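Chemist:
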Amino acid sequence: MKKNNLLRVFTNGILNENPTFRLLLGMCPTLAISTAASSGVGMGLAATFVLVFSNIVISSLRRIIPEKVRIPCFIVVIATFVTIIDLVIKAFLTSLSDTLGIFIPLIVVNCIIFARAEAFAFKNPVLPSAMDGLGMGLGFTCSLTLLSSVREIIGAGTWFGMQVMPQGYEPMAIITKPTGGFITLGLLLLIVNALVKHFQKRRNKKAEEGIA
């Protein structure tokens, strides 16, 4: 596959098909753990690890995995890498493990992972599949970090645990609650999709002017 195509596959998950802001996938962990920026980064990177390596393995085995048992095979592969990252986090990042709790093991059934295994890795060579997993994972990480940062700053006055708001600032505690998660996500969806639509229109206009 050409470099331009690989770049397009990589950026697709960050921009055009961002799992959180464009496809609305993985909403359960997105809303549950996005109360602190550190949690958002941790969950995003854990999911990225699983996405990249499960895509690589599934793509490598796609010609020998029988069509009828592909879903159980996907589960076995994904669960293997989820177990690896879960044990690593428990061993070296105890506080993060305590914060994320059950949501690390639940990556096994995360619809983002399954969607990429089914829609891309099972149908494409290894390198594009790895780039797809990396792009989707980084897109998910960026989205979680943005959402978590907004909620932590407004809801607690801190960012990555550091005080960033003035001393007299009264945190809006509702933002760190489930209700605040839905409100913040909805507003970010509005802003992000409006910006994407704006830039798409500009790109299409330039393309039309170039043709003309």
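To get the numbering used here, take the position in the sequence shown, counting from 1, and add 6.
Each residue gets a CB set at the ideal place from its N, CA and C atoms; glycine is no exception.
Computed from a predicted structure; not experimentally measured.
Following the continuous alpha helix (DSSP H) through K96, name the residue where it begins and the one where it ends.
Modeler: In the DSSP assignment, K96 falls within the alpha helix (DSSP H) that extends over 76-98.
Chemist: With a 10 Å radius around its C-beta and 16 neighbouring C-beta atoms as the bar for buried, classify A97 as buried or exposed.
Modeler: Burial call: exposed.
Chemist: Among F166, I64, A136, F146, whose alpha-carbon lies nearest the alpha-carbon of L102?
Modeler: F166
Chemist: Are the region 129-142 and the region 61-70 touching, with three or more C-beta to C-beta distances below 8 angstroms?
Modeler: yes
Chemist: In the DSSP output, what is M171 paired with across the bridge?
Modeler: Answer by DSSP bridge pairing: none, since M171 is not bridged.
Chemist: Buried or exposed: which applies to M137, given that a residue is buried once 16 or more other Cβ atoms fall within 10 Å of its Cβ?
Modeler: buried
Chemist: Is it a yes or a no for the region 9-28 touching the region 140-148, going by three-plus beta-carbon pairs under 8 angstroms?
Modeler: yes
Chemist: Just curious, the alpha helix (DSSP H) that I132 is in, first and last residue?
Modeler: Checking the sequence shown, residue 132 turns out to be Val, not Ile. Element bounds for V132: 132-162.
Chemist: Taking the C-alpha atoms as reference points, what is the distance between F120 and L13?
Modeler: 22 angstroms
Chemist: Between F87 and the rest of its own chain, which residues show a CB-CB distance below 6 angstroms, the 5 nearest in sequence each way excluded?
Modeler: Apart from sequence neighbours up to five positions away, the residues of its chain that approach F87 with a beta-carbon distance below 6 angstroms are V56, F59, S60, ordered along the chain.
Chemist: When the Cβ atoms of the region 176-187 are set against those of the region 63-78, are three or more pairs found closer than 8 angstroms?
Modeler: no
Chemist: Leaving out five residues before and five after N18 in sequence, what residues of the same chain have Cβ atoms less than 7 angstroms from its Cβ?
Modeler: G141
Chemist: Using a Cβ-Cβ cut-off of 7 angstroms (strictly less than) and excluding sequence neighbours within five positions of I113, which residues of its own chain qualify?
Modeler: A52, A53, V56, V88, I119
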